[in-house]
Ligand code: TYM
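Residue numbers (the numbering used here): 3 to 343.
In structure tokens form, the structure reads like this:
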């Protein structure tokens with residue numbers, strides 16, 4: 003029996019934010035710590051996804067390698083025998099499987115994705131890759147038969163589409179793919195309630211995003227910890243004067259509660275009860291700001307301990323090993339659709 007697979011990735015299109023850290027990187031590190039040995043963990047670097055929107059192409063190669071340093075600094079153990087780290091474009095089966103999946107995904111399914119609609123609305127010329135983004139994600143996940151995909155709430159719709167594709171192809175061709183667990187089961191697995199969505203500190207009705215210019219609302223992992231602290235202290239709240247979790251009426255306060263819960267690794271409802279009855283927003287901001295400052299300081303110190311050379315070395319070794327796993331699955335799919343014997 004193969005071990006169940008946990009798989010996730012962070013793009014290198016721009017510098018990662020506190021949202022990426024709390025929504026995807028830290029949950030993976032915690033899953034590795036609690037489940038080592040029982041699961042296979044794939045932490046991969048989706049460099050092909052990084053070029054779906056314009057980026058700094060000269061920087062991209064280094065940024066991708068740097069994202070492995072970020073995983074390591076966040077606490078991911080790279081010498082764990084059950085953990086694989088690799089760059090998406092170094093395993094050609096990702097691109098090849100995407101094309102085959104494309105032949106079984108409907109245009110309407112991709113066109114109705116919220117992320118596609120939001121991103122394409124901001125551009126005058128919309129690349130086909132932006133539309134096809136979830137198909138490449140499906141290949142990333144289905145190639146390795148991943149059951150658990152720790153991602154932020156913004157990726158929920160994509161993950162649900164991946165499940166639909168896997169079920170559709172299994173119905174047509176027999177058991178080709180492991181169907182990833184439902185969103186509810188994913189959340190139970192990593193104990194994240196409804197899914198983590200860290201908001202902009204300035205505009206808390208929007209998500210904190212590395213691709214939107216919002217310096218006062220966004221904390222980058224490279225921010226000076228003191229400046230990051232100041233951004234949290236200056237976070238937009240409201241005038242209700244009581245601390246509750248309600249993203250409609252109190253998105254800023256709710257965001258601070260979520261930041262505290264994620265950093266302290268506590269269920270959100272536990273943190274909400276701890277703050278019940280408290281009316282001082284200054285106290286809440288201070289608590290969140292101190293945690294963010296300490297998290298960044300510790301993270302940045304660890305980042306210095308792992309060089310780009312070490313990261314590249316680690317990636318190359320893993321890529322060699324992973325290529326065979328991916329190719330075996332690709333061959334099986336190619337045979338099923340009649341392009342291999
Ligand atoms: P990316 O780089 O845009 O985001 C990386 C991860 O960070 C999460 N995230 C957030 N979580 C909470 N609050 C936020 N404000 C926030 N912003 C981003 C994202 O949900 C994501 O988990 N499509 C993926 C990359 C990818 C992938 C995959 C992931 C490509 N193929 C296969 C899993 C499995 C993405 O959103 O990258």
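Heads up, the beta-carbon is just placed ideally off N, CA and C, and yes, glycines get one too.
Please classify residue 295 as buried or exposed, where buried requires at least 16 neighbouring CB atoms within 10 angstroms.
Answer is buried; the Cβ neighbour count reaches 16.
Helix, strand or coil: how does DSSP classify residue 256 here?
Helix, per DSSP.
Report yes if the C-beta of residue 139 is less than 6 Å from at least one heavy atom of the ligand TYM; otherwise report no.
Checking every heavy atom of the ligand TYM against the Cβ of residue 139, one is found closer than 6 Å.
Please report how far the alpha carbon of residue 261 lies from the alpha carbon of residue 338, in whole angstroms.
In a straight line, the C-alpha of residue 261 is about 46 Å away from that of residue 338.
In terms of alpha-carbon separation, which member of 115, 72, 24 and 219 lies closest to residue 46?
Among 115, 72, 24 and 219, the Cα nearest to that of residue 46 belongs to 72.
With distances taken between CB atoms, is the gap from residue 273 to residue 289 smaller than 7 Å?
For residue 273 and residue 289, no; Cβs fall outside 7 Å.
Closer than 7 Å by C-beta to residue 243: which residues in its own chain qualify, once you throw out the five before and the five after it? Chain order, please.
Excluding residues within five positions, the ones whose Cβ falls inside 7 Å are 281.
Examine the ligand TYM and report whether any of its heavy atoms sits within less than 6 Å of the Cβ of residue 71.
For the ligand TYM, not one heavy atom lies less than 6 Å from the Cβ of residue 71.
If you compare alpha carbons, which of 319, 30, 129 and 20 is closest to residue 150?
Residue 30 is the option with its Cα nearest to residue 150.
Please state if the CB of residue 98 and the CB of residue 332 are separated by a distance shorter than 7 Å.
Yes, the Cβ-Cβ distance between residue 332 and residue 98 is below 7 Å.
Return the CA-CA distance between residue 334 and residue 117, expressed in angstroms with no decimal places.
Cα to Cα, residue 334 sits roughly 31 Å from residue 117.
Within the present structure, is the beta-carbon of residue 10 separated from the nearest heavy atom of the ligand TYM by less than 6 Å?
It does: the Cβ of residue 10 is within 6 Å (strictly closer) of some heavy atom of the ligand TYM.
Report the three-state DSSP secondary structure of residue 222 (helix, strand or coil).
Strand at residue 222.
For my contact list, residue 15 and residue 211 are in at a C-beta cut-off of 8 Å; report their separation, rounded to the angstrom.
In fact, because the Cβ distance is near 11 Å, the residues do not count as touching under 8 Å.
Under the criterion of a Cβ to heavy atom distance below 6 Å, does residue 210 qualify as lining the ligand TYM?
At least one heavy atom of the ligand TYM is nearer than 6 Å to the Cβ of residue 210, so yes.
For the beta strand (DSSP E) containing residue 301, name the first residue and the last one.
From DSSP, residue 301 is part of no beta strand (DSSP E) but of the alpha helix (DSSP H) over 283-305.
Pop quiz: residue 25 and residue 154 are said to be a contact at Cβ under 8 Å. What is the actual Cβ separation, rounded to whole angstroms?
With 8 Å as the limit, residue 25 and residue 154 qualify as a contact, their Cβ atoms being about 3 Å apart.
Should residue 206 be listed as close to the ligand TYM, given that the test is whether its C-beta is under 6 Å from any heavy atom?
Not so, every heavy atom of the ligand TYM lies at least 6 Å from the Cβ.
Find the nearest neighbour of residue 204 within the set 132, 255 and 9, judged by alpha-carbon distance.
Of the candidates 132, 255 and 9, the one whose C-alpha sits nearest the C-alpha of residue 204 is 255.
If the criterion is Cβ atoms closer than 7 Å, does the pair residue 88 and residue 234 meet it?
Cβ distance not < 7 Å, so residue 88 and residue 234 don't count as in contact.
Under the criterion of a Cβ to heavy atom distance below 6 Å, does residue 157 qualify as lining the ligand TYM?
Yes, since a heavy atom of the ligand TYM falls inside the 6 Å radius drawn around the Cβ of residue 157.
Distance, Cα to Cα, residue 108 vs residue 309?
About 43 Å.
Can you check DSSP and say which residues form a bridge with residue 38?
Residue 38 pairs with 41.
Please check the pair residue 9 and residue 143, which I expect to be a contact at CB under 8 Å, by giving their CB distance rounded to whole angstroms.
The Cβ separation is near 6 Å, so the contact holds.
Rounded to whole angstroms, what is the Cα-Cα separation between residue 110 and residue 140?
For residue 110 and residue 140, the distance between alpha carbons rounds to 16 Å.
Going along the chain, which residues of its own chain have a beta-carbon closer than 8 Å to the beta-carbon of residue 96, five neighbours each way excluded?
50, 90, 138, 141, 142, 145 and 328.
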